[in-house]
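Working notes for the structure below.
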Amino acid sequence: MKEPKQLSVSAIQNGTVIDHIPAKNLFKVIQILGLDHIDTQITFGTNLESKKLGRKAIIKISDKFFEDADINRIALVAPDAKLNIIRDYEVVEKKVVEVPDTIVGIARCMNPKCITNFETVTTRFRVVSKKNVSLKCHYCEKITNQENMQII
Amino acid sequence: MKNRSLVSIDDLSTDEVLIILDHAAEFEKNPVQKLLEGKVVATLFFEPSTRTRLSFESAINRLGGKIVGFSDAGVSSVSKGETLHDTIRMVSSYSDLIVMRHPVEGSARYASEISSVPVINAGDGANQHPTQTLLDMYSIRKTQGTLDNLNIFMVGDLKYGRTVHSLMMAMSRWNTTFNFISPEELKMPEEYKLYLENLGLKYYEHLDFTDIISKADIIYMTRVQKERFSDPIEYEKVKNVYVLKNSMLFNTKPNMRILHPLPRVNEIHTDVDTNPKAYYFEQALNGVYTRQAILCSLLGIK
Chain L
1 MKEPKQLSVS AIQNGTVIDH IPAKNLFKVI QILGLDHIDT QITFGTNLES
51 KKLGRKAIIK ISDKFFEDAD INRIALVAPD AKLNIIRDYE VVEKKVVEVP
101 DTIVGIARCM NPKCITNFET VTTRFRVVSK KNVSLKCHYC EKITNQENMQ
151 II
Chain C
153 MKNRSLVSID DLSTDEVLII LDHAAEFEKN PVQKLLEGKV VATLFFEPST
203 RTRLSFESAI NRLGGKIVGF SDAGVSSVSK GETLHDTIRM VSSYSDLIVM
253 RHPVEGSARY ASEISSVPVI NAGDGANQHP TQTLLDMYSI RKTQGTLDNL
303 NIFMVGDLKY GRTVHSLMMA MSRWNTTFNF ISPEELKMPE EYKLYLENLG
353 LKYYEHLDFT DIISKADIIY MTRVQKERFS DPIEYEKVKN VYVLKNSMLF
403 NTKPNMRILH PLPRVNEIHT DVDTNPKAYY FEQALNGVYT RQAILCSLLG
453 IK
């Protein structure tokens with residue numbers, strides 16, 4: 001019998017691996033990091049089993065290294081994400097994401113009377129609580145909490 | 153403060169608040185000073201607010217400035233579908249300063265980011281109305297001689313009242329004791345009470361104020377509106393509890409003054425109007441001096 005053809009996601013030589021992304025937010029992470037616009041090799045897997053998250057996703061990006069400020073932008077959609085920085089097939093650094101002090105252009109303000117829901121204004125929030133993330137709108141000054149948070 | 157916008161009372165430091173109040177006092181002594189000669193101020197009222205608009209226009213006129221603008225969005229290009237962004241871009245190139253009232257919350261902050269000239273927020277929906285807060289503070293300081301250690305009673309709709317929230321936040325800088333008097337449905341929201349607790353300031357909540365009125369330095373009245381109640385029977389039960397009558401003022405402190413952002417409907421009986429403790433009409437006049445001071449500060453004239 002012939003061996004079934006297997007396509008394995010190979011290890012990357014240099015780049016970044018983002019693990020422990022909630023499966024449902026994989027495409028939001030791709031969007032927030034602009035991965036749909038870069039031209040290096042990217043592989044991702046989703047609906048992988050995870051004890052912690054139920055179903056998780058993983059992204060491997062070749063030849064791409066992120067600034068902390070960039071990577072922290074995914075904190076709202078993937079708060080438990082872990083990053084492995086790979087150089088020459090070896091993990092040289094591990095990082096976790098941290099909720100930043102300000103959130104720009106990622107979340108929607110839950111106040112239907114807010115200007116950001118009327119005109120094309122980039123949303124901007126001050127993070128007033130990092131544990132149960134709650135955001136204060138820079139414009140209408142109303143609070144958007146975790147359960148009402150919508151990612152744009 | 154030159155070339156800055158005034159969107160929220162929090163935009164001003166305590167010193168800046170006091171400077172504006174001092175300047176307002178100078179304008180009260182000498183209201184006609186042609187400091188805005190040659191300047192054009194745009195008054196953009198995307199929703200009608202007659203008193204606020206007239207107060208600003210009176211202030212601008214007394215300063216010798218010229219006014220362009222509109223008093224109702226129905227007569228402007230907004231009715232043709234122009235965005236706020238484009239309106240502000242255009243108007244800021246026609247004028248030296250913009251006064252704007254808009255029903256959408258956060259619109260003033262957004263306008264201040266687009267505009268090349270200072271923007272004064274004359275009310276953005278239920279959010280902020282900083283010039284009202286400053287004129288309230290001017291009235292408090294003028295009648296009490298100080299802002300420190302006062303006992304302020306806030307009465308009526310404390311849940312939705314934008315003016316009481318801003319005034320409470322602003323006065324919390326001066327060791328104020330607050331008494332909140334409102335029906336159950338219209339109590340001061342938790343977030344504001346938490347704010348006072350974190351500052352270590354005292355506040356008390358009551359369902360009516362007849363027993364404690366003698367402690368007040370300032371009584372700040374607001375309107376209890378029927379449409380705020382989910383149950384009309386609840387409104388009927390409480391509607392007369394929050395009406396101030398002259399007979400209730402008998403035991404009040406001699407320095408006590410009654411403020412109201414106006415318009416009044418029936419929450420202050422007209423028999424209070426002739427009592428020397430009634431201060432709401434003078435308060436409205438103070439608005440003109442305060443706005444003169446704000447206009448000049450943002451233009452760097454004074």
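Chains as they are written, first to last, in my numbering: chain L, 1 to 152; chain C, 153 to 454. We put the CB at the ideal spot given by N, CA and C, even for glycine.
For residue 126(L), the three-state secondary structure derived from DSSP is strand. Put simply, of 64(L), 19(L), 36(L) and 31(L) the residue whose alpha carbon is nearest the alpha carbon of residue 95(L) is 19(L). Chain-order list of chain C residues neighbouring residue 119(L): 235, 236, 237, 256, 259 and 262, by C-beta distance under 9 Å. Under the Cβ distance rule, residue 418(C) does not count among the residues neighbouring chain L, no pair being separated by less than 8 Å. Runs of the alpha helix (DSSP H) spanning 4 or more residues and lying entirely within the segment 155-234 of chain C occur at 166-181 and 202-214, in chain order. DSSP places residue 294(C) inside the alpha helix (DSSP H), whose first and last residues are 282-296. In this chain, the alpha helix (DSSP H) harbouring residue 315(C) covers 314-323. Residue environment analysis places residue 60(L) among the buried positions, since at least 16 neighbouring C-beta atoms fall within 10 angstroms of its C-beta. Nearest Cα to residue 93(L) within the set 99(L), 70(L) and 85(L): 85(L). Around the beta carbon of residue 423(C), fewer than 16 other beta carbons lie within 10 angstroms, which makes this residue exposed. Per DSSP, the unbroken beta strand (DSSP E) holding residue 134(L) starts and ends at 134-137. Listed by position along chain C, the residues whose Cβ is nearer than 7 Å to that of residue 111(L) are 257. Excluding its 5 nearest sequence neighbours in each direction, residue 290(C) has C-beta neighbours in its own chain below 6 Å: 173, 176, 438 and 442, listed in chain order. Not flagged as an interface residue toward chain L: residue 221(C), since no C-beta distance is shorter than 8 Å.
Listed as beta-bridge partners of residue 338(C) by DSSP are no residues whatsoever. The three-state secondary structure of residue 448(C), taken from DSSP, is helix. Below 8 Å, too few C-beta pairs join the segment 354-363 of chain C and the segment 407-426 of chain C to call them touching: fewer than three.
Collapsing the DSSP output to three states places residue 424(C) in a helix. Around the beta carbon of residue 153(C), 16 or more other beta carbons lie within 10 angstroms, which makes this residue buried.
Comparing C-alpha distances from residue 448(C) to each of 246(C), 271(C), 418(C) and 237(C) shows the shortest one belongs to 271(C). Residue 146(L) is classed as exposed because its beta carbon has fewer than 16 other beta carbons within 10 Å across all chains shown. Burial of residue 320(C) is indicated by the presence of at least 16 other C-beta atoms within 10 angstroms of its C-beta. Under the Cβ criterion (8 Å, minimum of three pairs), the segment 342-355 of chain C does not count as touching the segment 379-395 of chain C. For residue 285(C), the closest C-alpha among the options 314(C), 302(C) and 262(C) is that of 314(C). When the five nearest sequence neighbours on each side are left out, the beta carbons in the same chain lying within less than 7 Å of the beta carbon of residue 208(C) are those of 195, 251, 274 and 443, in order along the chain. The straight-line gap separating the alpha-carbon atoms of residue 206(C) and residue 163(C) is approximately 24 Å. Distances from the CA of residue 148(L) to each of 107(L), 66(L), 21(L) and 36(L) were compared; the closest alpha carbon is that of 107(L). The beta carbon of residue 275(C) sits no closer than 8 Å to any beta carbon of chain L. Interface residue (Cβ-Cβ distance to chain C less than 8 Å): residue 138(L) is classified as such.
Here the segment 95-105 of chain L makes no contact with the segment 234-243 of chain C; the two share fewer than three CB pairs at distances below 8 Å. If you check the CB distance, residue 133(L) and residue 76(L) come in under 8 Å.
According to DSSP, residue 50(L) shares a beta bridge with 54(L). Listed as beta-bridge partners of residue 87(L) by DSSP are 90(L).
Inter-segment contact for the segment 329-348 of chain C and the segment 418-434 of chain C is absent: fewer than three beta-carbon pairs are separated by less than 8 Å. According to the DSSP assignment, residue 309(C) belongs to no beta strand (DSSP E), since it is labelled neither H nor E. Residue 19(L): member of the beta strand (DSSP E) spanning 15-22, first to last residue.
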